[in-house]
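Colleague: The structure is given below, and queries will be raised subsequently.
Residue numbers (our numbering): 1 to 160.
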């Protein structure tokens, strides 16, 4: 039995060394760092005319409040804000909270219906304004558990 295990192990090592990619035929499986894909960085859209001059562009991911959820416990709000309104006009999403107004370039047909707005308006929310190499996103989470996500072309914030 021991000899059989040793032979299987030796055969496995021989096969592994033959498949290290150093032969004439490259291995069909390559690590993600060796693939041919190229990440194309996203450039933020120009600031729309309807966005106030005082609103500044978000250049790094920004968290506005947090909601901590633990099993068997009520959610804990940390520096959340109340969502006063959320509208989309002329392809600009405008989210007004008790602490700031967020403007984001978004095609309005990708925004909430009036029925969905009712789930969020007046609720305590946490927001993440994500600025990544491949996308810009606005994420909204309510204390009651509703979540929404919008991929946008640029994000600007106006403090009251």
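Here a beta-carbon is modelled for each residue, glycine too, at the ideal position from N, C-alpha and C.
Excluding the 5 residues flanking residue 108 on each side, which residues of the same chain have their C-beta closer than 6 Å to its C-beta?
Modeller: Hits under 6 Å: 88 and 91.
Colleague: Return the Cβ separation of residue 83 and residue 136 in integer angstroms, given the expectation that the two are a contact with Cβ distance under 8 Å.
Modeller: 20 Å between Cβ atoms; not a contact.
Colleague: According to DSSP, simplified to helix, strand and coil, what is residue 150?
Modeller: In this structure, residue 150 counts as strand in the three-state DSSP scheme.
Colleague: Residues in the same chain with beta-carbon distance under 8 Å from residue 147, minus the five sequence neighbours each way, listed in chain order, please.
Modeller: Within the same chain, residue 147 has close Cβ partners 139, 140 and 141.
Colleague: Classify residue 130 as buried or exposed, calling it buried when 16 or more other Cβ atoms lie within 10 Å of its own Cβ.
Modeller: Buried: at least 16 other Cβ atoms inside 10 Å.
Colleague: Tell me which residues share the same chain as residue 68 and place their Cβ nearer than 6 Å to its Cβ, disregarding the 5 neighbours each side in the sequence.
Modeller: 76, listed in sequence order.
Colleague: Does DSSP put residue 129 in a helix, a strand or coil?
Modeller: Residue 129 falls in the strand class under three-state DSSP.
Colleague: Out of curiosity, what's the CA-to-CA distance linking residue 74 and residue 44?
Modeller: Looking at the two C-alpha atoms, the distance is approximately 38 Å.
Colleague: Hey, residue 126 and residue 62: beta-carbon distance below 7 Å or not?
Modeller: No. Outside cutoff.
Colleague: Looking at residue 85 and the ligand FAD, is the gap between the Cβ and the nearest heavy atom below 6 Å?
Modeller: Ligands in the displayed structure: none, and consequently the ligand FAD is not present.
Colleague: Since I believe residue 102 is in contact with residue 42 (beta carbons under 8 Å), could you give me their beta-carbon distance rounded to a whole number of angstroms?
Modeller: Their Cβ separation, rounded to whole angstroms, is 18 Å, which puts residue 42 and residue 102 out of contact at 8 Å.
Colleague: So what's residue 144 in DSSP terms, helix, strand or just coil?
Modeller: Three-state result, residue 144: coil.
Colleague: Buried or exposed for residue 56, going by 16 or more other Cβ atoms inside 10 Å?
Modeller: Exposed: under 16 other Cβ atoms inside 10 Å.
Colleague: Suppose contacts are defined by Cβ-Cβ distances below 7 Å. Is residue 58 in contact with residue 104 by that definition?
Modeller: In this structure, residue 104 does not lie closer than 7 Å to residue 58 by Cβ.
Colleague: Who are the near neighbours of residue 150 in its chain, counting only those whose CB is closer than 6 Å to its CB and skipping five residues on each side?
Modeller: Excluding positions up to five away in sequence, the list reads 106 and 138.
Colleague: When burial is assigned at 16 or more other CB atoms within 10 Å of the CB, is residue 93 buried or exposed?
Modeller: So residue 93 counts as buried.
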